[in-house]
Amino acid sequence: MSNYEHDHDHESSLAINVPGSSWETYDPFICLGINETMLYTQADIETYNALSAFVQQQDVIMGNDGFEAEAGPESSRAPSGTELCRGDQADALVALSSNIPQGPGETETIPHTDEDLSMALNQITSTINQFGAISQTLGNKIEGLNSLFDDMAHSLDSVGRRLDSMEHRLDGMERRMDSMKHNMDKLSQGTESLEAKFRTVNEYLLEVIRREQMVMQEFGDLANRYQEQET
């Protein structure tokens, strides 16, 4: 195996295929020996992006498209991004990556944020549960009030029916009173007629008594005359 084939295989093992592109990019973190399963912070990601852009820019400037049309001597092709990672460039990249801040604040940012989010979610869940309990209590009270209102409505309906019955009874009593009044009017008219008849009878009796007195007086006068004649 030639040096060119060895280098090309090594570069292919480090290449990342980009969909829709005719060239390959190189992962500088692999070049630096950084395991991609490590926990990256935001600073690591930004540095990774910057290094990737730098390596791609160097490949474009040096005319390397990630593929070789034909085999040739090593000195006849432009150095690739992987080769730039060797020697001084690799040392520079390692030094650059070693300058990334790794203080306690950064390493605890995500756990602290997760803890805050967990506490916030627990508080929100507790609040939602409290609101749910309050809503349930209010719902029960509203149902109780609705039941009470229904009972009051039934009671009012019963009272209304009783009032209607009393009104019907009062109407019956009023009709009876009207009938009694009509009867009293008839009785009053009969009484007046009877009084008139009594007055007529009284006048007739007075006339009879007066005539009887006249007859008695005449009998007395006749008796006196008869006695005078006998003497």
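Counting in full-length UniProt numbering, the sequence shown runs from 1 upward without gaps.
Using N, Cα and C, we set each Cβ at its ideal position, and we do this for glycine too.
Quick check: what's the CA-CA separation for residue i versus residue j?
{"i": "residue 262", "j": "Q213", "result": "No information on residue 262 is available, as it lies outside the stretch 1 to 231 that the chain covers here."}
{"i": "Q136", "j": "M177", "result": "60 Å"}
{"i": "T47", "j": "A53", "result": "10 Å"}
{"i": "D164", "j": "S155", "result": "14 Å"}
{"i": "T231", "j": "E195", "result": "54 Å"}
{"i": "L222", "j": "R199", "result": "34 Å"}
{"i": "D114", "j": "I134", "result": "29 Å"}
{"i": "N49", "j": "D116", "result": "29 Å"}
{"i": "Q189", "j": "N202", "result": "20 Å"}
{"i": "A90", "j": "N129", "result": "Confidence at A90 is low in this model, with a pLDDT of 48, below 50, so the placement of that residue is unreliable and no value is reported for it."}
{"i": "N146", "j": "S126", "result": "29 Å"}
{"i": "L148", "j": "L138", "result": "15 Å"}
{"i": "R225", "j": "R211", "result": "21 Å"}
{"i": "D157", "j": "D151", "result": "10 Å"}
{"i": "M180", "j": "V215", "result": "51 Å"}
{"i": "D171", "j": "G160", "result": "16 Å"}
{"i": "N122", "j": "I142", "result": "29 Å"}
{"i": "Q227", "j": "L187", "result": "58 Å"}
{"i": "residue 235", "j": "T191", "result": "Examination of residue 235 is not possible in this model, given that the chain is present from 1 through 231 alone."}
{"i": "M166", "j": "M173", "result": "10 Å"}
{"i": "F131", "j": "Q57", "result": "57 Å"}
{"i": "V208", "j": "K197", "result": "16 Å"}
Consider the C-beta atom of residue i and the heavy atoms of the ligand SAM; say whether any pair is separated by less than 6 Å.
{"i": "Q189", "result": "You won't find the ligand SAM in this model; it holds no ligand whatsoever."}
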